[in-house]
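**Q** Protein chains in written order, with my numbering: chain E, 220 to 653; chain P, 4 to 148.
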């Protein structure tokens with residue numbers, strides 16, 4: 220098993236990395252200024268010229284870009300290359316508005332694969348592995364992104380895509396899958412189906428690693444998944460606008476390594492746009508240093524996280540982002556208080572009687588916001604004494620109130636009645652007509 | 004001791020239309036006969052408790068249908084169908100500090116009444132009642148009611 224995919228880059232001293240970033244940033248800024256009318260206009264509006272960017276410190280002179288910019292310039296108005304130089308398009312699902320289109324040159328695809336190649340190597344996934352990819356293929360970046368990354372490190376790929384859970388389980392056993400890539404909620408669903416059909420993940424499969432992402436999840440959920448399936452579960456990060464899946468944690472499971480030679484990371488205060496010091500939680504902003512077709516300058520990702528530049532035990536010098544705690548636009552405001560679904564999940568998963576699935580329902584009754592959380596209990600936790608169940612509801616409700624600072628009605632529902640998901644799970648129903 | 008206990012099937016059900024119908028039809032398909040039945044309702048949910056002729060089968064059928072279900076050891080206490088019987092039994096348990104968690108009763112064709120109880124200490128309760136000359140139902144009795 221090899222330790223690093225590209226040791227020279229991955230272990231490069233931080234000052235050398237910064238010099239490399241600086242040089243790449245300067246090239247990038249003049250590249251976009253000269254190749255994309257969109258960026259030229261933006262820079263001109265902000266009164267900044269490529270020659271104003273002399274060092275990394277000058278980064279903050281550059282204006283932010285937003286998802287809205289990609290929508291407004293739909294389909295390819297921000298691109299820096301003509302279509303004939305593109306190797307591929309991916310298109311977002313457009314669930315929250317108009318879809319966004321991302322294009323890639325051949326080199327962009329290579330850089331994307333390399334990013335994941337390094338990441339997979341950092342969790343000991345390589346040529347001896349069979350990687351079952353249950354992210355969606357096609358326009359969604361998850362499937363093909365992971366596919367190329369796994370091929371890059373020489374693994375055997377099982378490109379099964381989403382759905383057909385029985386088939387997933389069957390092939391997982393027949394083809395000795397060792398690594399699975401899917402959403403955390405699908406992993407849970409699969410383990411439920413496995414249990415019902417008498418498949419024991421530990422005994423009947425060779426599964427040892429899960430690469431789980433495409434939706435926010437918590438440390439508590441990781442513990443549940445690892446206990447239920449016997450795998451080591453790793454967080455993966457990416458967004459379709461950047462490329463798709465790009466980075467993972469290393470085996471130390473302590474933050475996701477962002478390859479600094481390919482991407483520049485900032486954490487800002489989402490309200491003021493001001494950069495925050497290392498260690499403070501804020502909005503993730505990324506500048507792509509290596510992309511040709513659609514470079515993004517100070518792109519507001521919309522995820523809340525913390526930057527960690529401490530040296531990692533794995534020996535990689537690249538900075539890490541700590542577990543994403545939610546998206547800026549996932550945040551619910553209930554009675555004026557900010558609530559993230561991730562906070563709810565982390566409270567629930569600490570209570571052993573509570574099952575893995577939950578739903579947050581927000582409503583407005585008589586001008587007042589109400590928040591209800593539906594949970595299922597585990598079979599073991601069921602007591603036929605009404606009082607025990609009401610005590611459980613009260614205990615969960617108190618625990619939520621402690622963390623969220625608002626009253627939450629907890630409603631126990633029948634096993635299996637909350638929706639199970641094969642892709643990104645929906646955890647909030649907001650019935651308020653605002 | 005086991006001869007003096009009966010198995011009750013309990014299940015969790017959301018309080019909404021059609022839930023009971025669903026459970027009942029599962030029982031019909033599996034030819035399970037209900038001897039005693041009660042619903043404890045608590046707002047959004049209810050706990051259905053029942054004594055059936057074949058509890059293991061009932062448990063399996065309900066579990067396979069996706070219900071959260073459990074088997075609980077309860078006492079089936081035979082009572083003469085005359086005033087004062089319940090008082091005698093409640094006194095016996097109370098004097099010995101055994102708490103009744105819940106209870107429900109039914110009357111049979113043989114002019115006997117049966118009280119199903121879940122108690123805080125089942126072993127102790129069996130001893131007290133048997134020593135007190137009270138007749139307890141066994142699973143065989145339940146099947147032949």
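Glycine included, each C-beta is placed from N, C-alpha and C at the ideal position.
#1: Quick test of your reading: residue 85 of chain P and residue 14 of chain P, contact by CB under 8 Å. State the CB separation rounded to the nearest angstrom.
#2: Check whether chain E comes within 7 Å of residue 48 of chain P, counting only Cβ atoms and requiring the distance to be less than that.
#3: On the DSSP bridge assignment, give the partners of residue 73 of chain P in chain order.
#4: In this structure, does DSSP put residue 116 of chain P in helix, strand or coil?
#5: Compare the C-beta of residue 236 of chain E against all C-beta atoms of chain P and say whether one is closer than 7 Å.
#6: Taking Cβ-Cβ distances shorter than 8 Å, what residues in chain P pair up with residue 631 of chain E?
#7: Give the single residue among E:434, E:448, E:414, E:240 whose Cα lies nearest to the Cα of residue 464 of chain E.
#8: According to the neighbour-count rule (16 or more other Cβ atoms, all chains shown, within 10 Å of its Cβ), is residue 65 of chain P buried or exposed?
#9: Could you run through the stretch 94 to 127 of chain P and flag, in chain order, every residue whose CB is less than 9 Å away from some CB of chain E?
#10: If you follow the beta strand (DSSP E) that residue 48 of chain P is in, where does it begin and where does it stop?
#11: Helix, strand or coil: how does DSSP classify residue 241 of chain E here?
#12: Quick one: grab the DSSP three-state call for residue 440 of chain E.
#13: So which residues of chain P does residue 603 of chain E contact, with C-beta pairs closer than 7 Å?
#14: Taking one C-beta from the stretch 321 to 334 of chain E and one from the stretch 361 to 368 of chain E each time, how about it: are there three or more such pairs within less than 8 Å?
#15: So the candidates are E:554, E:400, E:526, E:457; which of them puts its Cα closest to the Cα of residue 473 of chain E?
#16: Ends of the alpha helix (DSSP H) at residue 365 of chain E?
#17: Under 8 Å Cβ-Cβ, which residues of chain E neighbour residue 70 of chain P?
#18: Taking its Cβ as the centre, do 16 or more other Cβ atoms sit within 10 Å of residue 253 of chain E, making it buried, or is it exposed?
#19: Measure the C-alpha to C-alpha separation of residue 490 of chain E and residue 540 of chain E and round it to an integer number of angstroms.
#20: Scan the stretch 571 to 602 of chain E and note each continuous beta strand (DSSP E) run of 3 residues or more that stays entirely inside, going in chain order.
#21: Going along chain E in order, which residues have a C-beta closer than 9 Å to the C-beta of residue 24 of chain P?
#22: Given this structure, state the Cα-to-Cα distance separating residue 349 of chain E from residue 127 of chain P, to the nearest angstrom.
#23: Buried or exposed for residue 587 of chain E, please, with buried defined as at least 16 other CB atoms from any protein chain shown within 10 angstroms of its CB.
#24: Are any of the Cβ atoms in chain E nearer than 7 Å to that of residue 43 of chain P?
#25: So is residue 471 of chain E buried or exposed if we call it buried at 16+ other beta carbons inside 10 Å?
#26: Taking Cβ positions, are residue 662 of chain E and residue 430 of chain E nearer each other than 7 Å?
#27: I need the straight-line Cα distance from residue 657 of chain E to residue 302 of chain E, nearest angstrom please.
#28: Can residue 605 of chain E and residue 570 of chain E be called in contact, C-beta distance under 7 Å?
#29: Look at residue 584 of chain E and residue 590 of chain E and say whether their C-beta atoms are less than 7 Å apart.
#30: So, under 8 Å CB-CB, residue 298 of chain E and residue 509 of chain E are touching, yes? Tell me the CB distance rounded to an integer number of Å.
#31: Between residue 516 of chain E and residue 281 of chain E, is the Cβ-Cβ spacing less than 7 Å?
#32: Starting from residue 649 of chain E, follow its DSSP beta bridges and name the residues at the other end.
#33: Roughly how many whole angstroms lie between the Cα atoms of residue 535 of chain E and residue 506 of chain E?
#34: Use the C-beta contact count for residue 610 of chain E: other C-beta atoms within 10 angstroms, 16 or more gives buried, fewer gives exposed.
#35: Given a threshold of 16 other Cβ atoms within 10 Å of its Cβ, counted over all protein chains shown, does residue 389 of chain E qualify as buried or as exposed?
#36: Using DSSP with H/G/I as helix, E/B as strand and the rest coil, what is residue 259 of chain E?
**A** Judging by the given coordinates:
#1: Not confirmed; about 34 Å, so no contact.
#2: yes
#3: P:13
#4: strand
#5: no
#6: 15, 47, 48
#7: E:434
#8: buried
#9: 104, 105, 121
#10: 48 to 55
#11: helix
#12: helix
#13: 13, 50, 52, 73, 75
#14: yes
#15: E:526
#16: 360 to 371
#17: 633, 634
#18: exposed
#19: 20 Å
#20: 573 to 584, 587 to 596
#21: Under the 9 Å cutoff, chain E gives no residues; its nearest Cβ is about 14 Å from residue 24 of chain P.
#22: 58 Å
#23: exposed
#24: yes
#25: exposed
#26: Lying before the first or after the last residue shown, residue 662 of chain E is absent from chain E, which here runs from 220 to 653.
#27: Residue 657 of chain E lies beyond the range of chain E shown here (220 to 653); nothing can be said about it.
#28: no
#29: no
#30: The pair is not a contact, with the Cβ atoms about 16 Å apart (cut-off 8 Å).
#31: yes
#32: E:581
#33: 20 Å
#34: exposed
#35: exposed
#36: helix
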